[in-house]
Amino acid sequence: MILRDPVHGLVAFESEEDSIVPRLLGAREMQRLRRIRQLGLTSLAYPGAEHTRFSHAIGAAHVMKLLLVRLRQIDRELPFWQRVTSERARDAIAAALLHDVGHGPLSHLFEAAMPGAVEHETWTARILLDPACELHQILAEDDPSLPRRVADLVAGKHELPYLARAVSGTFDVDRCDYLLRDAHATGVRYGDYDLPWLLRSLRFSEPSGPPGHHAPSLAIDGQKGIVAIESFLLARYFMFQQVYFHKATRAAEWMIGAILRRALALVVDGTRLPVLPPAIAAVAAGDVPTLEQYLDLDDQVLLGAIHAWEEAKDPTLSDLCRRLRARSLFKTIELSPEAHGEDEGSTSHAFGAIDDEARTKALATARAIAEERGLDPDLYVGLDVATDTPYAEDDSLHVVFPKGRPRPPSEVSFLLDRLRNETLTRCRLIFAPELRDAMREAFVR
């Protein structure tokens, strides 16, 4: 199989080790990822962001192939039982391809919006381990124990820690692909970094424990690769600032959450909706959706239901659905010590976080404004707190020099020392557009 990819160019799966990829791509559970956008509703802010989890999965598998090539160039110094065998390579490529197969509609949005939702990682494991799933059957055809090994790799567990971290770690094939792919699709070049040079600079660090008993972790050649790893981690930081926490995206996602909350409340009260996907009906009944019900959900199903709910008898649900489909998005005001409540239409670039007491007071004020104007404060006003730690330092990646001990990247980079374990927080009030003047009067100084 040879594919053309807008990010990586030609992507080929032609060897015996990756011969399982074309068969996995044909599975029903993988084809479903064609109908799930990688960035959810981000296309409402960046029109090009229409790429899917399917294309990202292929990209992640391709990056894993590139990584395995590099690992085989440097693993000769390891005992043979710690090297990349053909079996381990196949497992790692399959895990890279399948790591996102459990995502719900609109990617992370669905599990965040549904009360008590099961995390997508749990759904991924269920899909891989359920004998009724086509992916499980394809994996088991090669080796009955392969579904379990792939599920463990996706969860970051393997006898070779460096291989587990390649699937789930600070520097993993998931991040390597999605940063480049999301930057390409959105036109935000801050997500670009030098992947070929970063891979070329990989080394192994000295293993801990008795010789021959502990596999080493991945490391960066300090003389060649420190700028590459800085670029990689800063790219992630910038993409969260510019794309993943964009105000229009967060407002649209909050509106989806409000729509689902209203729909669930109506169903619980006995109201019949024009369309009700079985998975959402199960949640309304207090149950966890079956795997079959979950796999029937995708972007088209969810957005189709929201379109149908525009005709719902409940005026609030109908109104919220109409606004979303017409891209009449809720407005936002950022709450931060530096911005002093400055409206996001300004040039403020503050990313601080106000304390819990200030957030609670701000939300109470906003809710009171909504109530005064006859709008349900639970559905037309909200507080959105988006957080991420772009560089959470762990033991999965070190920097090595010709002499001296392996060191964490933050010890040899003042940039990464500053970024290490810092949490990026964006705290915003979200509200219906007709409340904007009153909100500005209350919060913008």
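Residues 23 to 467 in the working numbering are what the sequence shown spells out, letter by letter.
Using N, Cα and C, we set each Cβ at its ideal position, and we do this for glycine too.
By a beta-carbon distance limit of 8 Å, G178 does not contact T146. Their separation comes to about 12 Å. For C449, the pairing in a beta bridge is given by DSSP as V407. Straight-line measurement puts the Cα of I355 at about 29 Å from the Cα of R203. Just so you know, the alpha carbons of D113 and R344 end up roughly 46 Å apart. Secondary structure note for H420: its beta strand (DSSP E) is the uninterrupted segment L419 to V422. In this chain, the beta strand (DSSP E) harbouring D243 covers L240 to D243. DSSP places R59 in the strand class (E or B) of the three-state scheme.
In the three-state reduction of the DSSP assignment, V297 falls in the coil class. Check the Cα spacing between H180 and each of R59, A111 and A304: the tightest is with A111. By the CB criterion at 8 Å, G244 and F453 fall outside the cutoff. Judged by beta-carbon spacing, R272 lies beyond the 8 Å limit of L401, meaning their Cβ atoms are not closer than that value. D377 and A384 have their C-alpha atoms spaced approximately 11 Å apart. Taking 4 residues as the shortest admissible run, the region 243-330 contains the following complete alpha helix (DSSP H) segments, listed from N- to C-terminal end: 248-261, 269-290, 300-306, 313-317 and 321-330. CA-to-CA, the gap between F102 and A237 works out to about 11 Å. Q315 is positioned such that its CB atom lies no closer than 8 Å to that of Y200. Cβ neighbours of D40 within its own chain (closer than 6 Å, five residues either side excluded): I115. Rounded to the nearest whole angstrom, the CA to CA distance from A274 to L151 is 34 Å. Nearest neighbour of A67 by Cα position, chosen from V265, L346 and R395, turns out to be V265. In the three-state DSSP reduction, L224 falls in the strand class (E or B).
T192 and I160 have their C-alpha atoms some 30 Å from each other. Counting only unbroken stretches of 4 or more residues, the alpha helix (DSSP H) elements lying wholly within the region 106-189 are 108-120, 130-135, 142-151, 156-164, 168-176 and 183-189, in sequence order.
Linking H206 to V29 through their CA atoms gives a straight-line distance of about 7 Å. Judged by DSSP in its simplified three-state form, E463 adopts helix. Shown here for S223: same chain residues with a beta carbon closer than 6 Å to its own, the five before and five after excluded, namely I242, D243, K246, G247 and A250 in chain order.
Looking only at R448, R389 and S358, the smallest Cα-Cα distance to V466 is reached by S358. Taking 8 Å as the cut-off, the beta carbon of A82 is found closer than this to the beta carbon of A118.
The C-alpha of A306 lies about 14 Å from the C-alpha of V140.
DSSP links V33 through a beta bridge to L25.
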